[in-house]
Amino acid sequence: MEQLRLFADNYLTNLHIPKMETIQYPDVLEILILSVLIYQIMVWIKNTKAWNLLKGLVVILVFVLIAAILEMNTIIWIVQNVFSIAVIAIIIVLQPELRSALEELGKKNIVNGLLTIDMNRNETGLFSDKTIQEIARACEEMSRVRTGALIVVAQNDNLSEYENTGIEVDGVVTSQLLINIFEKNTPLHDGAVIVQGDRITSATCYLPLSQNTGLSKALGTRHRAGIGISEVTDSMTIIVSEENGMISAAYRGELQRGLTQEELEVLLTKIQNKVVDDKKIRLWKGRAKNEKKADS
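Each residue of the sequence shown is one higher than the last, beginning at 20 in the working numbering.
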């Protein structure tokens, strides 16, 4: 108990809760900013390998706390001298994650977002409803016959770097064209198709493979390429598995598997950047389900 009292006197005596009358508006704003910042950092850490590192740091901090309470001076001296080196080592270890986080921050374009608010959203969207239906219909047809496909649907990021690795197509998006491109043993079936707006710009494109070591070993090159392009751009990638016909979608580095045609249409609608009220979306989804039942 004496050790606990000494620890409290040395480390906790300067802590105090300010009185309500001394709290100013800048203090509240500062708390809000720090809360949002800490939350975003925790979300980022949770989705990277830094999560395991954080758990290890927590264990070390608990050990250091015990050492401070028990006045283990040698251990405290070692910690104090190693701390600066440890910070540099952590930055080196997390360099890929830190780079990705800074790139993501740059893509968000916060200033323009605050100035334009909802100016980028419009009635037509980045691509039409017909394009959504054609892509979803093609994926459903290819899923039935287990034809492998990789379709990148662009948003705002420039994909010319990846378009240049393929063959220019410049055709209107139709389900028949997509199915013909990915038909086995055809010249354009290998690689990815890139969709910009309502047109297919390129086929047989090469995409960067995901470096995420946490992905399932069952995922093949097509899925890893789909996740990889979604990690470095704001595009959505649709993957149709050649092995089992499963439809998947990769967005922001996350993969959703086992999608139906209706679910794929909903995901594409979310990135369409079009002003549509919730009631219309519900009616549209219900109509799509009824049409599917009628076809079967």
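Positions of the beta carbon are idealized from the N, C-alpha and C atoms, including for glycine.
Because the structure is a prediction, the values reported are computed rather than measured.
On the three-state DSSP scale, how would you describe residue i?
i	result
Y270	strand
S260	coil
R276	coil
R218	strand
T8	Residue coverage of the chain in this structure runs from 20 to 315, which leaves residue 8 outside it and unanswerable.
T223	strand
Do residue j and residue i count as a contact pair if the criterion is CB distance below 8 Å?
i	j	result
Q280	E182	no
G167	S260	yes
I95	A86	yes
L178	V212	no
G247	S229	yes
L287	I151	yes
L283	A173	no
V214	V171	yes
L234	R241	no
Which same chain residues end up closer than 6 Å to residue i when comparing Cβ atoms and leaving out the 5 residues on each side of it in sequence?
i	result
D46	none
L196	G190
G264	S162, R165
V83	V98
Whose C-beta lies closer than 7 Å to the C-beta of residue i among residues of the same chain, with five residues either side of it excluded?
i	result
I186	L207, S221, A222, T223
I104	none
R276	M265, S267
I198	A157, E160, M161
I200	L207, H208, V212, A222
K149	none
Where does the unbroken beta strand (DSSP E) through residue i begin, and where does it stop?
i	result
G190	186-191
A211	211-215
V319	A query on residue 319 cannot be resolved here, the shown segment of the chain reaching from 20 to 315 and no further.
Might you give, ordered along the chain, the residues of its own chain that have their beta carbon closer than 8 Å to the beta carbon of residue i, omitting 5 neighbours on each side?
i	result
E202	T166, H208
K311	Residue placement at K311 is poorly supported in this model, since its pLDDT is 44, which falls under 50; the coordinates still yield a value, given next. Taken in chain order, the residues that qualify are Q280, E281.
Q43	none
On the DSSP letters alone, give me the boundaries of the alpha helix (DSSP H) that residue i sits inside.
i	result
L197	194-201
G247	240-251
R163	148-163
S229	It is not in any alpha helix (DSSP H) - S229 carries neither H nor E in the DSSP assignment.
S179	179-182
Is the segment 267-285 in contact with the segment 244-258, if contact means three or more CB pairs nearer than 8 Å?
yes
Indicate whether the contact test is met: 3 or more Cβ pairs, each with one atom in the segment 190-203 and one in the segment 215-228, closer than 8 Å.
yes
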